[in-house]
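Visitor: Residue numbering for the sequence shown follows our numbering, beginning at 2 and increasing consecutively.
Glycine included, every Cβ here is placed at the ideal spot set by N, Cα and C.
Remember, it's a predicted structure, so these values are computed and weren't measured experimentally.
Here it is: the structure, laid out below.
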Amino acid sequence: MAQLTKTLGPVMIWALGVGYVISGMYFGWNLGLPEGGPYGMLVATAGVTILYVSFVLGYAELACALPRAGGAFVYASRAFGPHVGFVGGIAQLVEYVLAPPAIAFAIGSYLNQAHPDLPILGMAALAYVVFTLINIVGVKLSAVFELVLCVIAVVELIVFGVVVLPHFSWEKFSFDALPNGWGGAFAAIPFAMWFYLAIEGIANIAEEAKNPQRDIPRGFLLAMGTLVILTVITLFGAVGVDGWRSVVYDAAGKESDSPLPLAIGHIVSRESALFAALTGIGLIGLLASFHGILIVASRSLLELGRVRYVPAVLGKIHPRTKTPVAALLANLVVGLFALFTGRTADIILLSVFGALTLYMLSAASVLQLRRTAPDLPRPYKAPLYPFTPILALLLAVVCFAAMVWTHHRLALAYVGILAITWVAFVVFVPASARTSFNSSEEPGA
């Protein structure tokens, strides 16, 4: 049976980890400012940063002990059995399959702003098709392409910081600091998560790492450190130039998906070459995340197909390209359907619900496997255990509760997705076919 090809080293893994996330620096996070204001957003971002740092430290342990494409699905299955594992797998799919449509829409909107004759949905759909084809061709080409996109996007954010931070004003940053009181910090949480959402996708490419036990933790920690620095630059740099309203609302008073160009526009002329370069490269960040998450979504679906929790064809690796072609095409179909619903905000929030479920189950899996599988090979162990996974679990629960409190209807929709798919799992997957994973199993066995 064809297997995924081991081609990724630590630099490529770092690029994929940063690339999955980096679009969150360019759009989305600013929409948390009307909810929490700069102080509430700062508190939400600080809490979310602690959540992600503590989560990544434990998640890297799981990725090294069980280096499989299924990520959280594999870990929860091994720790708590097939039923909880299946729920983790569906939550993971909700995150990874629904995040790309939102990013694709932003890509279409960005191109439409530059060339108003280009249709937003048409360009978004075209991006889906083109990047799916790039992923089908082969993981090495996909990873090299992602590395190039990631480096350009990171350099652009550093240049953004060099331009705007000398103009930072605490007075402007603090204007209307808490428009909804401190409670607004809870409403700002899902938007703060956009700074880091999907970094966990590194675990899903563990089978394609040359030396997963060494390279996966390095990639995780380097990517997380990079993202923390870029988050500080983005939040303080953008808001500190002319206050939070100027990076939320455009000249027409509408909420904007382009906070960084709005901030830069207060410092350099919009007709200048610098402004054109800085805003133009913003598209690269969107493409980097879009391309990277497509890789992760297909690997998540691949693992479910391997164990026949979904149609077995989705668990096949193409013998020539060594990529999960069927899973990539299925992800394309679902993504296009979600895109054409036009419910971008709801799609983003459902993706966050999926991510938080993944974080809770994974942190709990670290604790459970340390207890029930003490002999599981762990070339990397979470530092400060058990403090780090417990902290990640508690913060994920708090964030999930805040999401339910502020988005009741979508919380019910999300629970409905989990319930319906779990019932289908119970009805259609025989008990004898339900899987528990160990580190010695061959993928697809």
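(1) Give the DSSP-derived three-state secondary structure of Val19 in the structure shown.
(2) Which runs of the alpha helix (DSSP H) spanning at least 4 residues fall entirely within the stretch 184-232, listed in chain order?
(3) Quick check: the stretch 293-303 against the stretch 87-102, are at least 3 beta-carbon pairs closer than 8 Å?
(4) Rounding to the nearest angstrom, what Cα-Cα distance links Val155 and Ile23 in this structure?
(5) If you draw a straight line from the C-alpha of Val164 to the C-alpha of Val240, how long is it?
(6) What is the DSSP secondary structure of Glu272, reduced to helix, strand or coil?
(7) Measure how close the beta-carbons of Leu228 and Val19 come, nearest whole angstrom, since I'm counting them as under 8 Å.
(8) Is Thr358 near the ligand NAP - that is, is its Cβ less than 8 Å away from at least one heavy atom of it?
(9) Which residue comes first and which comes last in the alpha helix (DSSP H) that contains Tyr415?
(10) Buried or exposed: which applies to Glu172, given that a residue is buried once 16 or more other Cβ atoms fall within 10 Å of its Cβ?
(11) Is the separation between the beta-carbon of Ser14 and that of Ile294 shorter than 9 Å?
(12) Relative to the C-alpha of Ala178, which candidate in Gly244, Leu166 and Ala188 has its C-alpha closest?
(13) Leu67 by DSSP, collapsed to three states: which one?
(14) With a cut-off of 8 Å on the beta carbons, I'd call Ile135 and Val326 a contact; round off their distance for me.
(15) Apply the 10 Å Cβ neighbour rule to Trp406 and answer buried if 16 or more other Cβ atoms are within range, or exposed otherwise.
(16) To which residues does DSSP link Glu256 through a beta bridge?
(17) Any idea which residues DSSP pairs Leu9 with across the strands?
(18) If we ignore side chains and look at the alpha-carbon of each, how far apart do Leu166 and Ala126 end up?
Guide: This is what the structure gives:
(1) In this structure, Val19 counts as helix in the three-state DSSP scheme.
(2) With a minimum length of 4 residues, the continuous alpha helix (DSSP H) runs that stay inside the stretch 184-232 are 185-188 and 190-193.
(3) Touching, per the Cβ criterion.
(4) Straight-line Cα distance between these residues: approximately 8 Å.
(5) Taken atom to atom, the span from the alpha-carbon of Val164 to that of Val240 is near 13 Å.
(6) Three-state DSSP puts Glu272 in coil, outside helix and strand.
(7) The Cβ separation is near 6 Å, so the contact holds.
(8) The ligand NAP is absent from the structure shown, which contains no ligands of any kind.
(9) Segment His409 to Phe429, the alpha helix (DSSP H) holding Tyr415.
(10) By the neighbour-count rule (16 or more Cβ atoms within 10 Å), Glu172 is not buried but exposed.
(11) The amino acid at residue 14 is misidentified as Ser; the sequence shows Ile. Contact: no.
(12) Minimum Cα-Cα distance from Ala178 among the listed residues Gly244, Leu166 and Ala188 corresponds to Gly244.
(13) If DSSP states are grouped into helix, strand and coil, Leu67 belongs with coil.
(14) Wrong, their Cβ atoms sit about 12 Å apart, outside the cutoff.
(15) Residue burial annotation: Trp406 is exposed, with fewer than 16 other C-beta atoms found within 10 angstroms of its C-beta.
(16) In the DSSP output, where bridge partners are listed per residue, Glu256 has Tyr250.
(17) According to DSSP, which records beta bridges pairwise, Leu9 is partnered with Ala210.
(18) Cα atoms of Leu166 and Ala126: separation of roughly 36 Å, rounded to the nearest angstrom.
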